[in-house]
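Peer 1: To start, I am sharing the structure in question, which I have written as structure tokens.
There are 2 protein chains.
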Amino acid sequence: MGHTHVTATTSDEGAAVPVTIRDVARASGVHISTVSRTFSAPHLVNPETRVRVLACAEDLGYRPNRAARALITGRTHNIGLIIADIANPFFPPLIKAAEGQARHRDYHVFVADTNEDPTAEEELVHALAKQVDGVLLCSPRMSNSLIEQLSREVPLVVVNRQVTGLPCVLMDVGQGARSAIEHLVGLGHRSIALLGGPRSSWTNREMRRAANAAARAGGAELTVLGPNAPTEVGGSAVAEQVRRSGVSAVLAYNDLMAIGLIEGLDALGVRVPQEVSVVGVDDITLSRLTRPKLTTVATPTGAAGRTAVDMLLQQDIESPRGARGSGAGTALGVRRTTAQVMLQTDLVIRDSTGPGPYARPARPLAAPRGPGPHCPAGPGIPTAATGDAVAS
Amino acid sequence: MGHTHVTATTSDEGAAVPVTIRDVARASGVHISTVSRTFSAPHLVNPETRVRVLACAEDLGYRPNRAARALITGRTHNIGLIIADIANPFFPPLIKAAEGQARHRDYHVFVADTNEDPTAEEELVHALAKQVDGVLLCSPRMSNSLIEQLSREVPLVVVNRQVTGLPCVLMDVGQGARSAIEHLVGLGHRSIALLGGPRSSWTNREMRRAANAAARAGGAELTVLGPNAPTEVGGSAVAEQVRRSGVSAVLAYNDLMAIGLIEGLDALGVRVPQEVSVVGVDDITLSRLTRPKLTTVATPTGAAGRTAVDMLLQQDIESPRGARGSGAGTALGVRRTTAQVMLQTDLVIRDSTGPGPYARPARPLAAPRGPGPHCPAGPGIPTAATGDAVAS
DNA sequence: CACAGCGCTGCAAAGGTTTGCAATGAAGTA
DNA sequence: TACTTCATTGCAAACCTTTGCAGCGCTGTG
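Those protein sequences? They're chains A and B, same order as listed.
Residue numbering for the first sequence follows my numbering, starting at 6 and increasing by one per position.
Residue numbering for the second sequence follows my numbering, starting at 6 and increasing by one per position.
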């Protein structure tokens, strides 16, 4: 095993000496309840006492034990984030945004990766339920009915999936797919393929529906290929099939697949965009770095993460869970208002799409080229919209 | 704000009715302690009773409250993961591996993103300290002394940084840099630039040291440019500087910078690898997808994540924190064994490096081409090595 | 028969915090 | 002066679970 090199040393090390509210109370000569109030209801304690207590706390390095607090308040100040696949570059910006927003509201985030496995999703919701005040379910793969059922166990906000009766954050991929198809039709493509993603994906169905309608409206023929794994490999695997199908343009379920497809086509000697145009979805960073640069439908992932967190906290605040007085059936039948937010998507035109067989020769390019109506994660969408959305 | 569309509905919804150990006890006609034992020490309870209790628990949908358990056992079964930047594609595989390994050991993971901000790092360690059994500090930007200090508050494992007296998981970027330089020298490059990363990065110093030594040994001249932001932008920003410097090859701090640099050079009309060779570090997925495909030093990120989790748990198990009998200064001066693990890196030769000005004409390519000694995240390194390492 | 040992179970304390209620003292009002 | 009000603080229960100890009924041994 020449792979690793290990060195070991032993050292004296002070184990963590946990300092509790009691220590602070003793040090500042007050009762523990006063210390508690100093932190959680400062207006109830004499300013003089307060500063003394705070000084002692600072001095001893006291930090309230959130677990103990959670035990009695019923609120953990944690939220769970369940993700289909962290390694899919679509998700990190979402996680980052959610984590930031949560921290901003004094919440921490549990992250769990399900490897696109619906069973893991369910288990994780259960496992997290008691440790968090709510869960963000991102691009879930399980059934709607199961989601509804789980939502009775712990407050849920669903991202990238529409579940009636539950708060959802959606990206308007329908509109995105329509724009993409219109763009392709405008370029003179009449035979277009849609590379489908996972079967249980809401996004997938939505895109298919919208793409079909847009193609019909534009007088183009749409072939659906799939379902496929939403990865680069999934994309390159269908390259051969795409070539045989004879289409001149492809709309892929996401950027990863689009990039994989371009790779695959390249290996077959098919040039993009000269022979086949390719459009992706997501506008991951990567899509600006490949060659050709990818034309894609930009989804506001950061905004989605922030919005989802806000919706969860909003929902949570109006109905504090369990806690005191939980005799028999406490708060059955709470009337809860659920909002569903749809975030806009934007077509970003880059270099992977070009004129098709039916392009009008006069104007070689039917749509604006280059930077174009380019607005990836523009500043218009995020928090302002979020506020509006949740308020309604 | 035309960006979003919101719909709202109200619905009756059962709020989570928390079912506790007491409910199970009542339902199955035993004392709560028996229920507790059914879960945490099954061998102490009569098989008959056990099945009855389990049936009732299942029936009521009981799940032990980990927060309450943590309160008394002193172990939360959570670990914290502090990351410089989730959006940096280097980290997701590490997070994924760590999360998987943790879950495999019945632990959950708190993820926090610091945005490369040392202050945030410190705050987060404090905030997480009481909620987790230990923290993984990945590529920290704070000072060694602060890390040592924090390690007295909560068990720490450091990834990508060497701190004496603390368990560390390191990747041998020194060896990687050496291989890269040797590769370039072998190709006939004699004037090489090193694109530095963040100043406070251990990896950065290590690379610099090794690259300098290797260049000297190979009779090449090494120019250090930086520090730079470890991002694509950081890379493209120095393209002009690289061109002016007249070097024929560049070793970048990481793949992101390398890719950015290639972009930047391309914009200046400098072709890679014909005019300048570029080598990255990390072997992120992206590096296989750009054109030209990136020659890079592959780092075993998955293995690092798993190893770090194992080391943390190992360390934790041998010294259960605080809990019962925490009178005065309990366990001061615990003798702890700390291991430092160094994981091997591998040079992956792809298409971004080519012959330099001093290439020997006879053999146009001094090093093997194409797939070559390609072994990214190969199966040799991970868990087996991990076991060995921690055992020592 | 006395007693030890065993398998199983109940009892109650402990863990750190919050919070309703009561007690204290002082100031304000009639 | 007697009474009310208010600000401040202490008391103790409660949250849910784990765990050392003791008790129970039984069997086996001396």
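We put the beta carbon where it would ideally sit given N, CA and C, even for glycine.
These figures come from a predicted structure and were not determined experimentally.
Which of the residues in the region 87-109 of chain B, read from start to end, lie with their CB under 9 Å from any CB of chain A?
Peer 2: So the close ones are D90, I91, A92, N93, P94, F96, P97, P98, I100, K101, E104, G105, R108.
Peer 1: Between D28 of chain B and chain A, is there a C-beta pair that is closer than 8 Å?
Peer 2: Position 23 of the second sequence holds residue 28 of chain B. Closer than 8 Å: no.
Peer 1: Quick check on DSSP: helix, strand or coil for L161 of chain B?
Peer 2: Within the second sequence, residue 161 of chain B is the residue found at index 156, counting from 1. Note: L161 of chain B maps to strand in three-state DSSP.
Peer 1: Given a limit of 7 Å on CB to CB distance, which residues of the region 111-128 of chain A reach chain B?
Peer 2: Within the region 111-128 of chain A, the qualifying residues are H113, V114, F115, V116, A117, D118.
Peer 1: Roughly how far, in whole angstroms, is the beta-carbon of E237 of chain A from the beta-carbon of G265 of chain A, given that I think they are within contact range, below 8 Å?
Peer 2: Within the first sequence, the letter at position 232 stands for residue 237 of chain A. Within the first sequence, the letter at position 260 stands for residue 265 of chain A. Indeed, because the Cβ distance is near 4 Å, the residues count as touching under 8 Å.
Peer 1: Going straight from the alpha carbon of D351 of chain B to that of D177 of chain B, what length do you get?
Peer 2: Here residue 351 of chain B is taken as the residue at index 346 of the second sequence, counted from 1. Here residue 177 of chain B is taken as the residue at index 172 of the second sequence, counted from 1. Whole-angstrom Cα-Cα distance: 9 Å.
Peer 1: For P369 of chain B, does the three-state DSSP call read helix, strand or coil?
Peer 2: Residue 369 of chain B sits at position 364 when you count from the first residue of the second sequence. With a pLDDT of 47 at P369 of chain B, under the threshold of 50, the modelled position of this residue cannot be trusted, and the question is left open.
Peer 1: When you compare the CB positions of A303 of chain A and D315 of chain A, do they come within less than 8 Å of one another, or not?
Peer 2: Start at 1 with the first residue of the first sequence, and residue 303 of chain A comes out as number 298. Start at 1 with the first residue of the first sequence, and residue 315 of chain A comes out as number 310. The answer is no: Cβ separation not under 8 Å.
Peer 1: Flag this pair as touching only if the region 219-237 of chain A and the region 176-193 of chain A have three or more C-beta atom pairs under 8 Å; answer yes or no.
Peer 2: The region 219-237 of chain A vs the region 176-193 of chain A: in contact.
Peer 1: Are there 16 or more other CB atoms within 10 angstroms of the CB of P94 of chain B, so buried, or fewer, so exposed?
Peer 2: Residue mapping note: residue 94 of chain B aligns to position 89 of the second sequence, counting from 1. It counts as buried.
Peer 1: Of the choices B:A225, B:S205, B:S206, whose alpha-carbon is the least far from that of A198 of chain B?
Peer 2: For this step, residue 198 of chain B is matched to residue 193 along the second sequence. The shortest C-alpha separation from A198 of chain B is found at B:A225.
Peer 1: Tell me which residue opens and which closes the alpha helix (DSSP H) that E127 of chain B is part of.
Peer 2: Stepping through the second sequence from its first residue, residue 127 of chain B is reached at position 122. Looking at the DSSP string, the run of the alpha helix (DSSP H) that includes E127 of chain B is 123-134.
Peer 1: Short of 8 Å in beta carbon distance, which residues of its chain neighbour L230 of chain A, apart from the five on each side in sequence? Order them along the chain.
Peer 2: Along the first sequence, one-based indexing puts residue 230 of chain A at 225. Within the same chain, L230 of chain A has close Cβ partners A198, L199, L200, G201, V243, Q246, V247, S250.
Peer 1: Who are the neighbours of T295 of chain A on chain B, taking C-beta pairs under 8 Å?
Peer 2: Numbered from its first residue, the first sequence carries residue 295 of chain A at position 290. The contacting residues are L294, T295, R296.
Peer 1: Write down every uninterrupted run of the alpha helix (DSSP H) in the region 186-260 of chain B whose length is 4 residues or greater and which is fully enclosed by it, in chain order.
Peer 2: Counting only runs of 4 or more, we get 207-223, 237-242, 244-250.
Peer 1: Less than 8 Å between the beta carbons of Q349 of chain A and T12 of chain B, yes or no?
Peer 2: Position 344 of the first sequence, counted from the start, is the residue given in the question as residue 349 of chain A. Position 7 of the second sequence, counted from the start, is the residue given in the question as residue 12 of chain B. Cβ distance not < 8 Å, so Q349 of chain A and T12 of chain B don't count as in contact.
Peer 1: Let's see if you can read the secondary structure: which residues bound the beta strand (DSSP E) around L86 of chain B?
Peer 2: If you number the second sequence from 1, residue 86 of chain B lands on position 81. Looking at the DSSP string, the run of the beta strand (DSSP E) that includes L86 of chain B is 83-88.
Peer 1: Using a cut-off of 9 Å between C-beta atoms, extract the partners of A63 of chain B located in chain A.
Peer 2: Against the second sequence, residue 63 of chain B aligns to sequence position 58. Ala is not the amino acid found at residue 63 of chain B; the sequence shown has Glu there. Near E63 of chain B there are no residues of chain A at all, since even the closest Cβ is about 12 Å away, more than 9 Å.
Peer 1: Would you list the residues sitting across from T300 of chain B in a DSSP beta bridge?
Peer 2: For this step, residue 300 of chain B is matched to residue 295 along the second sequence. Its beta-bridge partners are B:V284.
Peer 1: What does DSSP give as the partner residue(s) for V174 of chain B in the beta ladder?
Peer 2: Here the question's residue 174 of chain B lines up with position 169 in the second sequence. Answer by DSSP bridge pairing, in chain order: B:V164, B:V346.
Peer 1: With distances taken Cα to Cα, identify the nearest neighbour of R68 of chain B among A:L133, A:V114, A:A272, A:L291.
Peer 2: In the second sequence, residue 68 of chain B corresponds to position 63, counting from 1. Checking every option, the nearest Cα to that of R68 of chain B belongs to A:L133.
Peer 1: Out of curiosity, what's the CA-to-CA distance linking A117 of chain B and I26 of chain A?
Peer 2: In the second sequence, residue 117 of chain B corresponds to position 112, counting from 1. In the first sequence, residue 26 of chain A corresponds to position 21, counting from 1. Their Cα atoms are separated by approximately 26 Å.
Peer 1: Whether or not the region 252-269 of chain B and the region 277-293 of chain B are in contact is what I'm after, with contact meaning three or more pairs of Cβ atoms, one per stretch, closer than 8 Å; do they touch?
Peer 2: Short answer: they touch.
Peer 1: Does E226 of chain A come within less than 8 Å of chain B when only Cβ atoms are used?
Peer 2: Numbered from 1 along the first sequence, position 221 holds the residue referred to as residue 226 of chain A. Chain B, which has no Cβ nearer than 8 Å to the Cβ of E226 of chain A, makes this no.
Peer 1: Quick one, which residues of the region 131-164 of chain B are near chain A if we go by CB-CB under 9 Å, in chain order?
Peer 2: Cβ contacts with chain A come from H131, A132, L133, A134, K135, Q136, S156, R157, E158, V159, P160.
Peer 1: Return the first residue and the last residue of the beta strand (DSSP E) that F115 of chain B is part of.
Peer 2: Reading the second sequence from its first residue, position 110 is the one you call residue 115 of chain B. Counting along the chain, the beta strand (DSSP E) containing F115 of chain B begins and ends at 113-118.
Peer 1: If you follow the beta strand (DSSP E) that L401 of chain A is in, where does it begin and where does it stop?
Peer 2: The structure shown does not extend to residue 401 of chain A, since chain A is modelled only from 6 through 397, so no value can be given for it.
Peer 1: Using only alpha-carbon positions, find the residue among A:N120, A:E104, A:H113, A:V114 that is nearest to G105 of chain B.
Peer 2: Taking the first residue of the second sequence as 1, we reach residue 105 of chain B at position 100. Out of A:N120, A:E104, A:H113, A:V114, A:N120 has the C-alpha closest to the C-alpha of G105 of chain B.
Peer 1: Answer yes or no: does any C-beta atom of chain A fall closer than 8 Å to that of V11 of chain B?
Peer 2: The count along the second sequence starts at 1 and reaches residue 11 of chain B at position 6. Judged by the 8 Å Cβ criterion, V11 of chain B is in contact with chain A.
Peer 1: Rank A:L192, A:N209, A:Q154, A:A60 by C-alpha distance to the C-alpha of Q180 of chain A and give the top, closest one.
Peer 2: Walking along the first sequence from the start, residue 180 of chain A turns up at place 175. Minimum Cα distance to Q180 of chain A is reached at A:N209.
Peer 1: Answer yes or no: do T343 of chain A and P172 of chain A have a C-beta to C-beta separation smaller than 8 Å?
Peer 2: Sequence index remark: in the first sequence, residue 343 of chain A carries index 338 (1-based). Sequence index remark: in the first sequence, residue 172 of chain A carries index 167 (1-based). Their beta carbons are under 8 Å apart, which means T343 of chain A touches P172 of chain A by this criterion.
Peer 1: Using 8 Å for Cβ pairs, my map puts T398 of chain A next to R355 of chain A. What's the rounded Cβ distance?
Peer 2: Given that chain A is displayed from residue 6 to residue 397, the structure contains no residue 398 of chain A and the question cannot be resolved.
Peer 1: Cα separation between E317 of chain B and G85 of chain B?
Peer 2: Taking the second sequence and counting its residues from 1, the one referred to as residue 317 of chain B is at position 312. Taking the second sequence and counting its residues from 1, the one referred to as residue 85 of chain B is at position 80. As written in the sequence, residue 317 of chain B is Leu, which differs from the Glu given in the question. Going from the Cα of L317 of chain B to the Cα of G85 of chain B covers about 10 Å.
Peer 1: In the DSSP output, what is D351 of chain A paired with across the bridge?
Peer 2: In the first sequence, counting from the first residue as 1, residue 351 of chain A sits at position 346. Answer is A:A303.
Peer 1: Using 8 Å for Cβ pairs, my map puts A254 of chain B next to V281 of chain B. What's the rounded Cβ distance?
Peer 2: To locate residue 254 of chain B, count along the second sequence from 1; it is residue 249. To locate residue 281 of chain B, count along the second sequence from 1; it is residue 276. Rounded, the Cβ-Cβ distance is 7 Å, consistent with contact.
Peer 1: For a contact meaning CB atoms closer than 8 Å, what does I84 of chain B contact in chain A?
Peer 2: What you label residue 84 of chain B is simply residue 79 of the second sequence in a count that begins at 1. Chain A residues near I84 of chain B: none, gap ~11 Å exceeds 8 Å.
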